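Just so you know, the sequence shown maps onto residues 0 to 723 in numbering that gives the first Met the number 0.
Heads up, the beta-carbon is just placed ideally off N, CA and C, and yes, glycines get one too.
In this text the structure is predicted, and so the values were computed from the model without any measurement.
Working notes for the structure below.
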Amino acid sequence: MLLEIAEGYISRGMSIVPIPPKLKRPVIVGWQKLKIKHINGEFTPDSNIGIILGQPSQGLICVDLDHELAVKLAPEFLPPTGMIAGREGGGKVHWFYVVPAPMKKQAYVSECKTIIVEILADGQQVVVGPSIHPDGGHYENLEGDPAEIEIEELLKCVDILFVECLKQLGMQIAETSQPSNPKTTFTPDTHTDLYAKLIEHGAEVFGAGQTAEGASGYFVRCPGEQYHTNANAKKDCMVWKGSGGGWQARCLHQSCGVNSWARFRATLDPGWLPKDTSEQISDVVLDLALPKVVSAELVTEDDDDDSVRVPVDPGALRIDMSSTPGVLGAMVRYNLDFAPRPQAELAFFSALTAVSAACGQLIRSKSDLRPNLCVMVLSEAGSGKDFPRFQTESALRQSGNEARIGPEKLRSDKTFVRFLHERGSLLIQTDEVMGYFEAVQNKGAAMHVQNIVAIIKEAATSAKKSHWNPMGTGDPAQDMVVPFPHLNMFCTGTKGAWLSFDGKSVRDGFLPRFLIYETTEKASRLRPDLEPGEIPETILGPLRDWAVFRQAGGSGNLVGLPASLRPALIVPVDSAAIDRFRQHSTGIEDRYLTDSDDAATCWRRASASAQQLALVIAAARGPYGIQISLDDANLAIKIVNHTTRVVIDRVFRYVGENEYDTERKRALSLIRESGSMSGREFCRRMKIGIIKRGLILSDLTSQGYVRVSTDGAKNQISVVYVTG
Numbered sequence: 000m001l002l003e004i005a006e007g008y009i010s011r012g013m014s015i016v017p018i019p020p021k022l023k024r025p026v027i028v029g030w031q032k033l034k035i036k037h038i039n040g041e042f043t044p045d046s047n048i049g050i051i052l053g054q055p056s057q058g059l060i061c062v063d064l065d066h067e068l069a070v071k072l073a074p075e076f077l078p079p080t081g082m083i084a085g086r087e088g089g090g091k092v093h094w095f096y097v098v099p100a101p102m103k104k105q106a107y108v109s110e111c112k113t114i115i116v117e118i119l120a121d122g123q124q125v126v127v128g129p130s131i132h133p134d135g136g137h138y139e140n141l142e143g144d145p146a147e148i149e150i151e152e153l154l155k156c157v158d159i160l161f162v163e164c165l166k167q168l169g170m171q172i173a174e175t176s177q178p179s180n181p182k183t184t185f186t187p188d189t190h191t192d193l194y195a196k197l198i199e200h201g202a203e204v205f206g207a208g209q210t211a212e213g214a215s216g217y218f219v220r221c222p223g224e225q226y227h228t229n230a231n232a233k234k235d236c237m238v239w240k241g242s243g244g245g246w247q248a249r250c251l252h253q254s255c256g257v258n259s260w261a262r263f264r265a266t267l268d269p270g271w272l273p274k275d276t277s278e279q280i281s282d283v284v285l286d287l288a289l290p291k292v293v294s295a296e297l298v299t300e301d302d303d304d305d306s307v308r309v310p311v312d313p314g315a316l317r318i319d320m321s322s323t324p325g326v327l328g329a330m331v332r333y334n335l336d337f338a339p340r341p342q343a344e345l346a347f348f349s350a351l352t353a354v355s356a357a358c359g360q361l362i363r364s365k366s367d368l369r370p371n372l373c374v375m376v377l378s379e380a381g382s383g384k385d386f387p388r389f390q391t392e393s394a395l396r397q398s399g400n401e402a403r404i405g406p407e408k409l410r411s412d413k414t415f416v417r418f419l420h421e422r423g424s425l426l427i428q429t430d431e432v433m434g435y436f437e438a439v440q441n442k443g444a445a446m447h448v449q450n451i452v453a454i455i456k457e458a459a460t461s462a463k464k465s466h467w468n469p470m471g472t473g474d475p476a477q478d479m480v481v482p483f484p485h486l487n488m489f490c491t492g493t494k495g496a497w498l499s500f501d502g503k504s505v506r507d508g509f510l511p512r513f514l515i516y517e518t519t520e521k522a523s524r525l526r527p528d529l530e531p532g533e534i535p536e537t538i539l540g541p542l543r544d545w546a547v548f549r550q551a552g553g554s555g556n557l558v559g560l561p562a563s564l565r566p567a568l569i570v571p572v573d574s575a576a577i578d579r580f581r582q583h584s585t586g587i588e589d590r591y592l593t594d595s596d597d598a599a600t601c602w603r604r605a606s607a608s609a610q611q612l613a614l615v616i617a618a619a620r621g622p623y624g625i626q627i628s629l630d631d632a633n634l635a636i637k638i639v640n641h642t643t644r645v646v647i648d649r650v651f652r653y654v655g656e657n658e659y660d661t662e663r664k665r666a667l668s669l670i671r672e673s674g675s676m677s678g679r680e681f682c683r684r685m686k687i688g689i690i691k692r693g694l695i696l697s698d699l700t701s702q703g704y705v706r707v708s709t710d711g712a713k714n715q716i717s718v719v720y721v722t723g
C-alpha cells in the first residue's frame, strides 16, 4: 500500500524522499537533490514518506501550524486550498499551496520562543501519509489539489494569522507589518514583536542572536556608543527577552552603562513602552566566543529530538592578537616583524606562558586560583613553531627570569621533580610532548615515561598545595617537597596529535586542563635572510618588573624567603569583571545536563580556566597597579570558550570510544584508502544498511571529510574522500 501511495505522489509531480520508520527527518546525505522517478528499493513497507518542497515539487509549499490555536484559527485567516492534511491527535496542521517562484522558509515565533506557524518551502521537506509520527499517530494521505497563490498574498495572510494568535495568547503587537527604518537593512526570517518595536523607534539592528542561556534577541547599535572607549562592534550590544519575563538589554563596553532594558529604552526613545513593562537585568549573558545566529534555518520541525548533539567545529578565534594587552600584543608584533615564518597565533599562546612563568607563584585570585598554564598549539609542519619558543626563552633570560626556564626534554620523573623543587616555578617548552602520550598508551612503554606524564598531571592540579610531595618516600631528607608548584607548558605539535589521546585523558580531567589551540593561519612564506631584532622594552619591561617584584616582595622577615614561601598577591577584580565571571559560570551549567559526559567534563573546567587566564592577561601589563578588568575577563572567556569547543569537537571526532565513533573512524579509513566508492560498495564493506550509511556519511560530510554526490537518474550515490 505504501509503495502505491508513494508512486501516486510521484505521478502528481511531487518529489519524495524515504524516511526511516517513525522518524521525521531523512537520513540520506543530499536528500534535497534527490530525484526518484520510480520506486526501486528505496522504501520498505514500514518507511515514512517525505515530500521535498519548493521547486523540486513544482512549487508546492506547506504552511505548518505548530500551535493548537493556529490550527483552530487557520480556516478563518488562511486562503482556501484543496489540499489540507494532518495526523491523528494533531488536527489539520498542514495546508498546502503552490507558489510561482522559489521561496525561503519562514518561521513565526512568539516572544517566549514558541513556534506558532512555519512556512516550509525550498530546501525543506514535510512528512505525509501513510507515515507514522514518532508518537504513534498516522499522517493523512495527501488528496485534492493545492491552491495557487502569490507569495506576497500568502505572507500577508500568515502574518495576520500570527498576529491574531499573539493577541489571543495575551501578547500585544502594534501592527502586522514591519515599520520602515532607513538605518536597518537586516530583515529577519523569524518574525517577532521586539523587532517591530526596535525598528519603529529608530534602532539600528545588525542581526539576530541568542544569549548563552538560549534567549532570542537582536544585536543593535548601542545608543551610548559615543561614550565607548574603543571601537564599537556589531555584536557588542543586544536586546532580548529574558527568562524572568521582561525585555532586557546589555552593552558589553565597560564605559557604556546601558545595562537594563529601562535605561536602553529611555536612551533610544523615552516613553516608547509603559513603565510597568520594564524589567531589571538578570544573569542572562551573551556568549561572546560563539554568538549563535537565530534564523529560520535553525528552527527544525522536530523540536523533541533527543539524539546526541554533534559538536560543531568552532573555526577561528576571532581576536586581534597584536592588540592584546602588554607583553602579549608586543610579542605577537615582534613575531610578525622578525620570525622567519611569522605566525601570530603561535606567538600569542607562547606569550601567555611567558607571562605566566614570570608572575609565577606571586599572584593568585581570591578563591586561590593560580596562573599556571599548560598550553598546546597544534599547527602544520613547517609553520614556524620554533621561533616562539626561542623568542620566549630569550625574553625571559634578558628580563632576569632565566630561573623559570625548564629543560626542553624531560629525561626522568625524578629530574623533573628536582627542577620544580629547586625553582618552584617552571616553564617547559617542547615540540615532542605527544611522544610521551603515545608512549603511555603502548603497553610496552618505559615506566619512566609513564611516570613523567603522571607528574605532569599531578603538578597541573597541585598549584594550591603548600606541601606537594610527588615522590614521598617517608624520609624527609630525601623527599623533594614543592610548595605551590607552578608548572607552565608550551607544547607544539601537528594536528594529528589528537590520535595520541584516549578517552581516559578526557574523563580524568587532564586534557581539559590544557588550553589547546589549532592554528588557522597558513604557514607564511619563509624569510630566511631576516635577522631577529632586539627584543623591545614593551616586552622586557613588564617581565623585568615581575623579576624585581619577586626579589623585593614582602617586608621584614619575608624579604629573604623564596618566592614560593611568600604570601601571593591577591589580584583585585573589577566589579563588572566579577559579574562577567559569575554569568559565564552560570551560563555553562546547563551544558552539564545537555552535553555528553566528555563534553560536560570539558565545560566544568572552563569557568576556572577563564579566571586563571584572566590573571595572566592582567599580569601582561606588569605587577604595579595590577587589576583584572572587564576587558580582561571578556578576552579570557572568549579564548577559553573557543579552546573548550576545540577539545570537545576533536574529542568527538578522534578520542571518543563509543560504538558509533568507532564505526565512523573505520568508515573514514575505508574511504581514505579507496579514494572513492559507490554507496552500495560502502554498505557492503562496512556491513551496514542504508539508514546507518546515511547517518555516518552525513556526519563525515558535515565535518568536511567526504563529499557525497547523488545520481538521481540511476538512484546511486558515490562517496569521495576530500584531501587536504
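Going by DSSP, which residues form a beta bridge with residue i?
i, result
"M375", "C490 and I515"
"L568", "I362"
"S10", "According to DSSP, which records beta bridges pairwise, S10 is partnered with nothing at all."
"H137", "I131"
"Q105", "I118"
"A248", "V238"
"Q626", "Looking at the DSSP assignment, Q626 forms no beta bridge with any residue, so it has no partner."
"V204", "V219"
"V719", "S675 and R706"
"V16", "G49"
"W467", "V481"
"I404", "L426"
Grab me the residues of residue i's own chain with a C-beta within less than 7 Å of its C-beta, minus the 5 sequence neighbours each way, in chain order.
i, result
"T491", "V376, S378, K384 and D430"
"D65", "I114, I115, V116 and E117"
"P531", "F337"
"E163", "L72 and F76"
"L525", "P339 and R340"
"A617", "V570, I625, Q626, I627 and D631"
"E457", "P469"
"H132", "R86 and Y138"
Tell me which same chain residues have a C-beta within less than 8 Å of the C-beta of residue i, skipping the five on either side of it?
i, result
"V331", "M320, S321, T323, A343, A346, F347 and A350"
"L335", "S321, P341, A343 and A346"
"G53", "L59, I60, P101, M102, A120, D121, G122 and Q123"
"R579", "V284, L629, A632, N633 and I636"
"A380", "T493"
"K413", "M470"
With a cut-off of 8 Å on the beta carbons, I'd call residue i and residue j a contact; round off their distance for me.
i, j, result
"V219", "A207", "Not confirmed; about 11 Å, so no contact."
"I51", "I15", "7 Å"
"L372", "T352", "6 Å"
"F95", "P145", "4 Å"
"G495", "S424", "No, G495 and S424 are not in contact; Cβ-Cβ is about 32 Å, not under 8 Å."
"I48", "I18", "7 Å"
"I538", "Y333", "7 Å"
"R422", "A459", "At roughly 17 Å, the Cβ-Cβ gap does not stay under 8 Å, so R422 and A459 are not in contact."
"A357", "L395", "7 Å"
"A546", "G325", "Contact flag wrong, Cβ pair sits at about 15 Å."
Considering residue i, what are the terminal residues of the alpha helix (DSSP H) in which it resides?
i, result
"I60", "Run containing I60: none in the alpha helix (DSSP H); it sits in the beta strand (DSSP E), L59 to L64."
"V92", "V92 -> not in any alpha helix (DSSP H); beta strand (DSSP E) instead, spanning G90 to V97."
"P729", "The requested residue 729 does not occur in the structure, where the chain is confined to residues 0 to 723."
"D385", "D385 to Q397"
"E75", "E67 to F76"
Check for me: the beta strand (DSSP E) holding residue i runs from which residue to which?
i, result
"T429", "S424 to T429"
"R86", "I83 to R86"
"I159", "Per DSSP, I159 belongs to no beta strand (DSSP E); it is in the alpha helix (DSSP H), I150 to Q167."
"D495", "In the sequence on display, residue 495 carries Gly and not Asp. No beta strand (DSSP E) holds G495; DSSP gives it neither H nor E."
"G49", "N47 to I51"
Within the same chain, show all residues whose beta-carbon is closer than 6 Å to that of residue i, passing over the 5 residues directly before and after it, in chain order.
i, result
"D302", "Here the model assigns D302 a pLDDT of 31, short of 50, so the residue's position is not dependable, and the following value carries that caveat. Cβ within range, chain order: n/a, list empty."
"T299", "Any answer about T299 is weak, because its pLDDT of 28 lies below 50 and its placement is not dependable; what the coordinates show is given next. So the list is empty, once near-sequence residues are dropped."
"E3", "none"
"D45", "P20"
Exercise. At 4 residues or longer, and completely inside the stretch 324-379: list those alpha helix (DSSP H) runs for me, N to C.
Key: 325-337 and 343-358
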